Structures are given as C-alpha cells and as structure tokens.
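Colleague: Take a look at the following structure, please.
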Ligand code: SF4
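Residue numbers (our numbering), protein chains in the order written: chain X, 1 to 450; chain E, 1001 to 1428.
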C-alpha cells in the first residue's frame, strides 16, 4: 500500500478558512520573490518534539545540517533526548546514481543498534524523492524486522510550504501511529493537545493547571511527546488544537474515524488562557468540572494581577506596533493588551484570512492592520506616537531611527510567553526594552559626524 | 603525526557539523558588493541558509530562491524558474550581480546552468554546487572560482602594487581585514575575493536585507587581472589562484595552507620582506610577534598538559592545530567535515572525517573542545572545556570579531584556550 497522502486533498482542506478564498494559497511560491521554509521543515517541526523517537533525514546534508538543534522544543523525557540530535543518511553522489535505499536500511539498523528509540521517523527530502527511493518499502521492512514503528514521512521540500509540511507530518502520525496501541487506563477527561510543540516550554505554562483540574493530557502532537502516547491518542474524549491551524485536517479525520470532537484555542495572554481552559471544560461537558475551572480561573487571574500590577504602572499610556506573522499577529497583541499596552498596529501580511479576522477583532476599529509592514511601520510609529516596536531583527533599525524601544519576537530561541506565567516573562522583557538606554546610544552620531 | 582516515565509515551521520556546498556559495556571493545570491532549488534550502547565517553573523542576509516545486521539478529544465527569478528580483532591487548556484535537487534533475545563464540578460555568475558533494568550504571555493572565471578580464598588464587575497571560507570578517592590513602595511593595495570583512561585519542593522552591502565591487573583480600578486590562504583556494593566473600569465602566486601561528606568519612576513626589499616589517607587526611569543610561553604550561579535540572545516582545522601544536598543546583528535589534502598535514594524534557522534565516542581522549556551536551540548554532557570556533555559533555574539590568525590573533587564541583549560581544571 502506498502511504503517500493526497496533497491536493490536504491543500483544499475544507476546515481551513484560508482556503475559502484561495484554493491553493498555501502552495504557490514565486521564484525570486519568496521566503519561507519547505514542507520537509514543516513535517520535521510537527514531529520533532517526540523525544523518544529518532528522526532520520534521508537526503543530502543541507536538509538536516541546517535544522538540528535549532528549535528549543523542551522535553521532560529522562532518556537520551532525541530532539537535540540529528540523524541523516547524508547521501552522496554514488547514492544519487545508484539509489539510496541500501544506505537507508543500514542507517536504520545503526540507529536501532546504538540508540534503541521507541520509533523512527524517516523523512524523504527533495533529492531522495526525485531519485525515487522507496522509503515505504524500506520502512515496512525495518518495522517488521524490529517490531516497532518505522514511519515514512512524505514531505520533500518541493511539494510546498512549511505549513503543508506540518499537515503531512500529522498525516504520517495518523496513518502509522494513532490507533496502534491501547492506553493502560482511560478517564472521562482525556484530551490530546494538537499543534502545541512546547517551544521554549510553552506547554508547561498551563499543563499543570489542566492537571489540577483532573484533565489528563493523553497525548500530544507533539510537544514533549512520546511515541506510546500518540499511538493511543484515539481514546481521547477531545482534541484541543493549540494555535497552529496546520493540523486541522488531522483532527477532522480523527473526528470521522474515532468520533473525537475538536476545539481550537490559544494559550497566549491572560484572556486567551482563561478562555481556553474554560473552553476545554465546556467541551468535556461536565458541570462540576466547569465550576471548578471557573474557580481556578478566578484564583489564577487574581494571582497574576497582583504580580502584573507594578508593570501596569510602567506600561500605562504606552503604545506598541507589532510586526510578526501567523497567529502571533493577534495572540501577542492580545497579550500586550492584557498588560495595559495599547496596540496601534499589527502586521497581517503573513497571516491567514482567519488570523486577519481575529486581528481585526482584537485590535478594534482604530487599530491598523498592516499589509506591507516594512514600508508602513515607520510612518505609523510616528503618526501614533508609539513607544515600542515588537518585530523580527530586520526591523531593529526602524526602531533605532525612530528612537523607540525594540523587542525581538521572531527569534528562534526565546523565553516562553505562554499561559499566565508567560505573560510575566513578556512583561519583564518589555520593561527591560523600554528602560534600556542602548537604543538611544546606538543612534548617537560620532563627534565627527554632522 | 598519527593515524589519518579520509573517509567516514558509517552508513549515516549522527549529529553532523558538516554544512552544504550551496551554503558556502551563498556566503561567497555575500562577499561581493550589492550581489544577490540566487539558490536554484526548492525554497527550504534557501530559507534554512538565511536563518542560519542571520543567526551566526547577527546581520541581515540577502538571498533568493528559484523556488522549484514538484511541478517545475519535473517539467522545467531550470529555464523558467531562473529567468522568472531574475525578473522578479530585478523588479524590486537593482543588484550589481546575481550569484546563481545549484542544489542537489536541481543537479539531480540535470539543469544546465550555463545554458540558462546565457539566456539571462543581466550580470550573472553561475556555479554548480550540489549538496551531495563537498561541503561549505568547497562550495565557497567553487563560487569564488566562478567569479574569477566568468568576470575577470584577461590582460597582460601588471600593477606591482596590487595584491589579490583569496581567503578560505572559515576566515572571519575581522581575520580577512587583519590579513589585508598586514599585507597593506608593506605598501600594497589589497583586494580580497570574496570579502566578508566589509560586508558581514558591523552594519548596525541599518540596511534592510534587500542586498548585500560592502564586499568587493563587481568592477573591482573585473579588473583583478592586472594584480602583480595573488595570495591564496587555505588549500581549498589553490584552484582559484590558478584560475586567476590564467587571466594573466605574468601574475605571480604565493600560497599559504593557513595563516595561524608563528611559523606561517613568519613565512608571510619573510616573503613580503623579500618582495619589497625591506629590512624590517612595520613596528606594530614586530611588537605583535613578541606578544605572540610571550603568549606561547605564558600559555605553554597549561596547554602542554591539555589534550584537545578540534572539529572544523579542513583549512580552518589545519590553522588551529598548527597554532596549538607550536605552543605545546596536544591535539589528540581532529575531526574534519570533509576530506582534503590538508588532513595529511594536520599535527594531531588522530585525524578523521566524521561527525559529533565520533567526537562523543572518543570522549576519553581529550579535555578541551574547539569547535562550532553544536559542541556546546557535547562539552556539557562530557564535562569538557570549550572554545567555540567555526560555523555556526548561535551560543555567543561577536563571531565576526573572533580572530585567530597572524601574530595578533594567534596570541589571543592561545590565551583563550589556556584560560578555558585552566578554568575547567579549577572547577572540574
Ligand atoms: S527544499 Fe528540499 S533539499 Fe532543501 S532543505 Fe527542504 S527538503 Fe531539503
């Protein structure tokens, strides 16, 4: 059986509001005018946080050499942490000519012998997909030989964007892992977290609250993930999509196949975290649970308010411009508002239709949705008298030129801004930015400059 | 010298520190003023390269992709995607040059870059850099050679004051600047190709990453042919020097395997003295030589009892290992990304082509690690001292300012290694 998912079907995912307007909008790069990751990167991102699985990249050196140890997907796994390791067949000229299947099989043998992971994900990449290596056959052979999941992931870079790749990664988990093992026990409050990758430990900012409420995270796709857990994910009562829209087709299919309903929410900022917790309780439909959740929210918000109070005084009257992408366009904006900062503009150039709608909702009528932030942001900072620019490193000079504070929100490694406590991290970082003299100092002219 | 293995003996790489040819070529093109590197492949390679280099240099990085898709991978011979790319790039910015380089994907499907380049009505240099061959160092060298072969005009005129410096990929921006200054101190005009010293160092983020700024100018490359002397540093750059000499039979060439440590810097100084007929180098150089000797003495006690693992690109490894060897340090293991004639010359107990798993398995053989940012986790796990060198390094800022070459850099380097080793001995 060929396990290649149908890409067209995934692209036209009906549950993705992005696709109502443009059918294949997720997949049309323009030569010479495109930035952004490939499908392979997306697939790796969505599966990589399984710390007890080895991730074997079947391709030349580019694909893995430039991607291992780049994401701070934290894990509580006590064995060797495979999220911080890189495995690649590093195929050479000879493999391109004669095929790389033998090398792939030998590599799988090597990994099992030296590292004994719970599973192996095998990623096809551009070159190995083009030369036609049959990774399905190799994986099947290895899985039979060793009696553990060896999962082919068909997301070579050229099939499309990072976003599509994440879907393909989810698809591989659905096809080869989910439903292959029964959980030891089940509870009425078992949930799966989908699309939460635990970057910088985001998940741990709220997981303990779920735990306190008696809501059990049965499995994750894939933050702090374990192979055994995802194999039994089909027994959950609810799928909770955290932020990322990219895995919505996976949850729809799980709904069809296993009857698991899903909800979509975010854990950024105070309001979203509270709303998210309540949404989970309500979806699980237990009145007692809902009551307990409401009480917990009241308690947590009060504790947070107390800690935020000193920052609030500092942030009063402060205005910010936000230039980032995806769901961050509104989730960080909402978090800023929770701190008492007015968000005068946010960039929606790299956002989906749904994210744009949401950004409009969060910012209100007065807020500017920037379609071309590179050109617009300097003007808006001036017109609105903003004090703070939150953006990627490239915008630093705009902030310096305007003499305002700058915070980098696009760095690969940063502190977690998730959950209630993450908001305190954000507040502390913004306080430091606002108080930091460096922005004024680097803008100073030399004595010999006019 | 110890045992040398030129080949990786495993079926795979585990924790690789090798990087790809296209990435090396990108860096080389970034050393040309107002150049747009254009990577011919699917978009991920370019995106990875951009993020990677941005984080390492903390500078905006200009680069574009031909964004090959599953459809163009099958139907297009490269013509459409490349020609489209050039059109789209030049609609937004006006580069002085486009640096077209291939990837494994487009090499596998057999795109003919030369033929497509001939159709493009815009200054463009092309180079074949499959990522299933070579590595960062060879990609850089191939691109540098393509710049020479396709841009430099042939001539028979000679300007005796003009020197062309060909640095290998691992020399940092400040190292290139220091070597240029060293030679210039003898009265020469020095041009480096590629030149990262003026393009990837200290831009204050003032330019949006539309195009590279700084670096050697295209016009300067065109007229490199009349230089009296060409100096290549690193064995990967030898072929570039030969290509340049083909442009002018009267140009003379001096090669250095590296420019680290006392002996090689002495060789450079001696040669420059002979060329210029001077008795003595400028005073600053004389003083730095004494400081290096002083640092060798000051550090020898600590270094003499330190066993070192060095990992890196071949040319860089050769320099670091020689410099350490002169001061009495024992490099017990040297691991190279790829094979190179340099491996034969590296003074180390064991020299191999490999990955960081090999480094881990040989953990008993060393106390101090010198290598790129991936070595931090390794050093932490094995409780070793660490000096971060090479590409990438996201753990520290200031990569473009790190210098290990010539008398001056050598002095700083030995002190840093000795201090790292002592600190480890004090604190376990
Ligand atoms: S585009 Fe293809 S070759 Fe490049 S990194 Fe992605 S999968 Fe690898």
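Glycine is no exception: its CB is placed at the ideal position from the N, C-alpha and C atoms. Values in this document were obtained by computation on a predicted structure and should not be read as measured data.
(1) Using a Cβ cut-off of 9 Å, pull out every chain E residue sitting near residue 267(X), in sequence order please.
(2) Curious, which full-length alpha helix (DSSP H) runs of at least 4 residues does the stretch 1325 to 1388 of chain E contain?
(3) Would you please verify whether the beta carbon of residue 439(X) is less than 8 Å from any beta carbon of chain E?
(4) Give the interface partners of residue 130(X) over in chain E, defined as CB-CB distance under 7 Å, in chain order.
(5) Taking 8 Å as the threshold (beta carbon to beta carbon), is residue 1012(E) in contact with chain X?
(6) Does chain X have any CB closer than 8 Å to the CB of residue 1096(E)?
(7) Within 10 Å of its beta-carbon, does residue 1036(E) have 16 or more other beta-carbons around it, so buried, or fewer, so exposed?
(8) Within 10 angstroms of the Cβ of residue 1397(E), are there 16 or more other Cβ atoms? Answer buried if so, exposed if not.
(9) With a threshold of 8 Å between beta-carbons, can residue 1419(E) be considered close to chain X, or not?
(10) So does the stretch 309 to 318 of chain X actually touch the stretch 422 to 434 of chain X, counting three or more Cβ pairs closer than 8 Å?
(11) Please name the residue, chosen from 101(X), 417(X), 437(X) and 111(X), that lies closest to residue 148(X) on a Cα-to-Cα basis.
(12) Within its chain, find whatever has a CB closer than 6 Å to the CB of residue 392(X); leave out the 5 residues flanking it on each side and keep chain order.
(13) Give the DSSP bridge partners of residue 1040(E), in chain order.
(14) Name, in chain order, the residues that DSSP records as bridge partners for residue 41(X).
(15) Give the DSSP-derived three-state secondary structure of residue 1188(E) in the structure shown.
(16) Would you call the CB atoms of residue 219(X) and residue 236(X) closer than 8 Å?
(17) Output the distance between the C-alpha atoms of residue 1382(E) and residue 448(X), rounded to the nearest integer angstrom.
(18) If we call anything under 8 Å between Cβ atoms a contact, is residue 90(X) one with residue 117(X)?
(19) Within 7 Å: the Cβ of residue 1398(E) and any heavy atom of the ligand SF4?
(20) Taking 8 Å as the limit between beta carbons, can you name the residues of its chain near residue 349(X), skipping five residues before and five after?
(21) CA-CA distance, residue 1118(E) and residue 1050(E)?
(22) Alpha carbon to alpha carbon, how far is residue 1291(E) from residue 1409(E)?
(23) Given that a residue counts as buried once 16 or more other Cβ atoms are within 10 Å of its Cβ, and exposed if not, what is residue 1305(E)?
(24) Once you ignore the five residues that flank residue 1005(E) on each side, which residues in its own chain have a CB closer than 6 Å to its CB?
(25) Output yes or no for whether 8 Å exceeds the beta carbon distance between residue 1015(E) and residue 1355(E).
(26) Determine, for residue 67(X), whether the minimum Cβ-Cβ distance to residues of chain E falls below 8 Å.
(27) Measure the beta-carbon distance from residue 380(X) to residue 404(X) and round it to whole angstroms, keeping in mind my assumption that it falls under 8 Å.
(28) If contact is defined by three or more beta carbon pairs under 8 Å, each pair taking one atom from either stretch, is the stretch 222 to 232 of chain X in contact with the stretch 181 to 194 of chain X?
(29) Mind checking whether residue 1319(E) and residue 1260(E) have CB atoms under 8 Å apart?
(30) With respect to 7 Å, is the separation between the Cβ of residue 142(X) and the closest non-hydrogen atom of the ligand SF4 below this value?
(31) I'd like the list of long-range same chain contacts for residue 1192(E), defined as Cβ closer than 7 Å, with 5 residues on each side in sequence excluded.
(32) Measure the CB-CB distance between residue 58(X) and residue 121(X) and report whether it falls below 8 Å.
(33) Going by DSSP, which residues form a beta bridge with residue 219(X)?
(34) Bridge partners for residue 346(X) per DSSP, in chain order?
(35) Just to confirm, does residue 41(X) get its C-beta within under 7 Å of one of the non-hydrogen atoms of the ligand SF4?
(36) Quick one: is residue 1037(E) near chain X, going by C-beta distance under 8 Å?
Modeller: In short, the structure shows the following:
(1) Ordered by position in chain E, no residue passes the 9 Å Cβ test against residue 267(X), which lies about 25 Å from the chain.
(2) 1356 to 1361 and 1375 to 1382
(3) no
(4) 1073, 1105, 1108 and 1109
(5) yes
(6) no
(7) buried
(8) exposed
(9) no
(10) yes
(11) 111(X)
(12) 410
(13) 1102(E)
(14) Paired residue(s): none; residue 41(X) is not in a bridge.
(15) coil
(16) yes
(17) 51 Å
(18) no
(19) no
(20) 325, 370, 371, 372 and 373
(21) 27 Å
(22) 10 Å
(23) exposed
(24) 1352
(25) yes
(26) yes
(27) Incorrect: roughly 12 Å between the Cβ atoms, too far for contact.
(28) yes
(29) yes
(30) no
(31) 1165, 1167, 1176, 1180 and 1216
(32) no
(33) 192(X)
(34) 322(X) and 369(X)
(35) yes
(36) no
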